[in-house]
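These notes are about the structure you will find just below.
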């Protein structure tokens with residue numbers, strides 16, 4: 377990478393070939409905290425998307441959100457399944473509890489609508505696989521909403537790693553933690569993440585997936601074996617993992633050691649140590665705080681300050697761009713399915729107390 | 377902790393009850409890079425110690441070092457075992473390859489001399505256990521040279537953790553890496569760390585022991601099971617571990633995930649994440665760079681700059697203080713032996729591909 381370019385083009389959308397076309401009109405399925413606080417405001421700033429339909433279990437809530445954001449329609453889940461308002465949207469964005477994703481995607485695929493689905497894409501790998509199949513059967517695009525893939529801090533890190541800036545990658549540390557019970561879902565939404573039927577798991581499924589997936593993305597490689605340890609200490613977490621530690625063995629002798637907690641001080645980092653240098657993202661993963669980068673090589677260490685992007689805006693425009701250019705998103709259904717297979721292997725490892733090969 | 381005290385007494389020697397007495401006269405056994413670059417200069421700055429005898433395989437080298445540092449005598453290993461110059465020293469400091477430690481400690485114990493022995497205390501737990509026994513038999517003090525125990529950054533961190541500053545500790549990350557072949561032992565000393573007979577192991581034994589032991593020290597707890605993965609990638613490391621990842625399960629559901637490498641970018645950190653806050657030491661473990669601390673709690677994050685101490689000076693004065701006050705060092709032989717049992721369990725885990733209980 378040219379020295380100038382790192383500064384001048386830090387936040388460039390290197391994935392973007394064209395900025396015309398669209399807008400892709402999106403129906404938002406699930407109107408919880410994240411949709412209202414992050415997804416809708418992020419979508420309203422995009423170049424290529426437009427939110428047009430709000431879909432919720434409650435007609436009143438759907439219509440309220442539609443009115444507040446000047447959308448074309450607010451409908452219920454049932455009306456969505458019945459094919460209401462299909463003229464008003466081109467694609468859906470699914471933000472419901474994990475175990476409900478598949479049902480909406482099946483309907484969307486049958487309606488010929490493309491899909492952006494929140495991660496983890498489902499509560500089990502089996503259901504995720506069915507999602508991949510149904511989208512293929514109906515020839516609709518399926519993207520999983522890994523916002524780190526379009527986060528400039530992560531893309532620049534991936535570029536530097538692949539250009540050899542840190543030499544051969546040797547070890548990765550990754551972590552994400554928050555006080556889930558007080559930080560998110562304040563107010564009107566039950567903590568469905570505490571229900572294993574709805575979530576499929578908690579610390580690992582909901583936030584451990586960030587260091588896991590970002591390590592896969594930055595390395596452009598898949599782990600071959602995993603080891604995991606889960607803990608449920610306090611009553612609200614009695615049915616799910618409250619804390620998790622996991623170890624990913626990647627090819628070429630690269631190990632990633634990761635931790636996540638839904639009941640610890642808010643913190644996140646990803647540290648990539650190679651033979652020649654090191655890149656640390658800290659904070660790394662939260663949409664609700666500025667990301668930071670520290671780069672080290674040859675005795676020089678520097679902190680990078682950069683103009684922060686809205687991660688949701690980037691993600692939605694990337695999805696729309698894929699649709700408008702008829703190209704496949706990198707985080708497609710198979711990519712998301714791989715995460716679920718890895719996550720299930722980590723849970724299995726924690727259950728049997730031994731590493732699990734993939 | 378009082379707010380003022382954190383600032384005013386950051387580098388205070390909270391272990392020190394008296395500063396008179398002594399000096400404790402020390403014989404240095406093994407005159408390699410570390411002894412000459414760090415131990416002797418550090419010892420010369422102490423309040424309570426005085427280096428008096430240099431001991432080496434080469435008479436000329438021993439006498440050369442003795443002359444350069446104005447010591448009372450320079451003798452060979454053989455002369456040491458024969459009881460030469462015993463009037464000139466009160467205790468020994470052992471800095472030879474790991475597998476040779478026991479022989480010198482046995483002689484010292486028989487001579488009634490107290491012992492400060494570098495870590496890891498031996499190449500195997502069996503030999504370490506014999507060292508503990510021989511020192512007990514002859515009623516001499518045995519301290520293992522864990523310089524992080526008297527590093528103010530670590531002591532203040534331990535205090536904050538035990539006062540509940542971070543709440544309940546949830547997860548720990550630890551890492552230490554260096555380019556061993558170019559960073560240390562430049563010149564006149566063979567890389568004995570590459571010889572498993574002399575070292576007992578490399579990445580884990582030599583530097584992985586830092587996050588391992590510092591986690592034990594800060595938590596004041598012992599792991600109950602371990603999982604490890606070792607890698608030997610390049611020819612110089614064909615007989616020993618070049619990189620290691622390991623996972624320590626402590627009581628109260630605290631996990632530490634750690635990595636170390638003898639062939640990666642120079643880096644070290646220890647990060648303690650609790651329910652209420654986080655403390656990060658970075659750089660953490662190298663004597664040859666300033667340590668740093670970042671403290672987070674309640675939405676406030678601060679970097680602590682403090683007057684750096686010479687870690688060797690602190691360690692030697694602590695050892696001398698224990699002798700002069702007839703008190704037991706915290707990092708005694710049993711403490712060091714525990715590390716070797718943990719290390720052997722990690723190597724066993726890496727060998728069998730499964731976690732090992734302790």
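Chains as they are written, first to last, in the numbering used here: chain G, 377 to 734; chain D, 377 to 734.
Yeah, the Cβ is synthetic: ideal placement off N, Cα and C, and Gly gets one too.
Given the structure is predicted, the values throughout are model-derived calculations rather than measurements.
- If you draw a straight line from the Cα of residue 506/G to the Cα of residue 532/D, it is about 53 Å long.
- Annotated as proximal: residue 471/D and residue 494/D, with beta-carbon spacing under 9 Å.
- Within the DSSP secondary-structure output, residue 607/D pairs in a beta bridge with 619/D.
- Contact between residue 708/D and residue 518/D is confirmed by a C-beta separation of about 6 Å, below the 8 Å threshold.
- Secondary structure at residue 427/D: strand, using DSSP grouped into helix, strand and coil.
- Contact annotation: residue 515/D and residue 699/D have beta-carbon atoms that are not nearer than 9 Å.
- Note on geometry: alpha-carbon atoms of residue 379/D and residue 469/G lie some 49 Å from one another.
- For residue 589/D, no CB of chain G lies under 9 Å from its own CB, so it is not counted at the interface with that chain.
- About 6 Å separates the beta carbon of residue 711/D from that of residue 520/D, a gap short enough to meet the 8 Å contact definition.
- Inter-segment contact for the region 648-658 of chain G and the region 534-549 of chain G is present: three or more beta-carbon pairs are separated by less than 8 Å.
- Contact between the region 422-436 of chain G and the region 386-399 of chain G is present: 3 or more CB-CB pairs across the two stretches fall below 8 Å.
- In the structure shown, residue 614/G falls within a coil segment according to DSSP collapsed to helix, strand and coil.
- With a threshold of 9 Å between beta carbons, residue 640/G makes contact with chain D.
- For residue 538/G, the enclosing alpha helix (DSSP H) begins and ends at 528-538.
- Look at residue 425/G: its C-beta is not under 9 Å from any C-beta on chain D.
- Under a criterion of Cβ atoms nearer than 7 Å, the residues of chain G adjacent to residue 729/D are, in order, 731.
- Residue 604/D sits buried, since 16 or more C-beta atoms from the chains shown fall within 10 Å of its C-beta.
- According to DSSP, residue pairing for residue 634/G in a beta bridge involves 550/G and 622/G.
- For the alpha helix (DSSP H) assignment, the uninterrupted runs of no fewer than 4 residues enclosed by the region 431-498 of chain G are, from N- to C-terminal side, 435-444, 453-457 and 477-486.
- The CB of residue 607/G comes closer than 7 Å to the CB of 629 in chain D, given here in chain order.
- Within 9 Å of the CB of residue 649/G, the CB atoms of chain D belong to 551, 553, 635, 637, 640, 641 and 643, in sequence order along the chain.
- Of the candidates 677/G, 626/G, 553/G and 486/G, the residue whose Cα lies closest to the Cα of residue 580/G is 553/G.
- Within the region 536-547 of chain D, those residues whose Cβ lies closer than 8 Å to any Cβ of chain G are, in chain order, 542, 543, 546 and 547.
- Listed by position along chain D, the residues whose Cβ is nearer than 7 Å to that of residue 652/G are 641.
- In the DSSP assignment, the residues bridged to residue 669/D are 657/D and 680/D.
- The three-state secondary structure of residue 595/G, taken from DSSP, is helix.
- In the DSSP annotation of this structure, residue 576/D is not part of any beta strand (DSSP E), being labelled neither H nor E.
- Secondary structure at residue 514/G: coil, using DSSP grouped into helix, strand and coil.
- Within a 10 Å sphere around the beta-carbon of residue 701/D sit fewer than 16 other beta-carbons, which makes this residue exposed.
- Within the region 655-689 of chain D, those residues whose Cβ lies closer than 7 Å to any Cβ of chain G are, in chain order, 672.
- Taking each of 502/D, 669/D and 527/D in turn and checking the Cα distance to residue 663/D, the smallest one comes out for 527/D.
- Non-local beta-carbon contacts of residue 428/G in its own chain, meaning distances under 6 Å to residues more than five positions away in sequence, involve 401, 447, 448, 464 and 465 in chain order.
- Contact with chain D is absent for residue 434/G, since none of that chain's Cβ atoms lies less than 9 Å from the residue's Cβ.
- The beta-carbon separation of residue 631/D and residue 623/D, rounded to 7 Å, stays under the 8 Å limit for a contact.
- Contact annotation: residue 590/G and residue 418/G have beta-carbon atoms that are not nearer than 9 Å.
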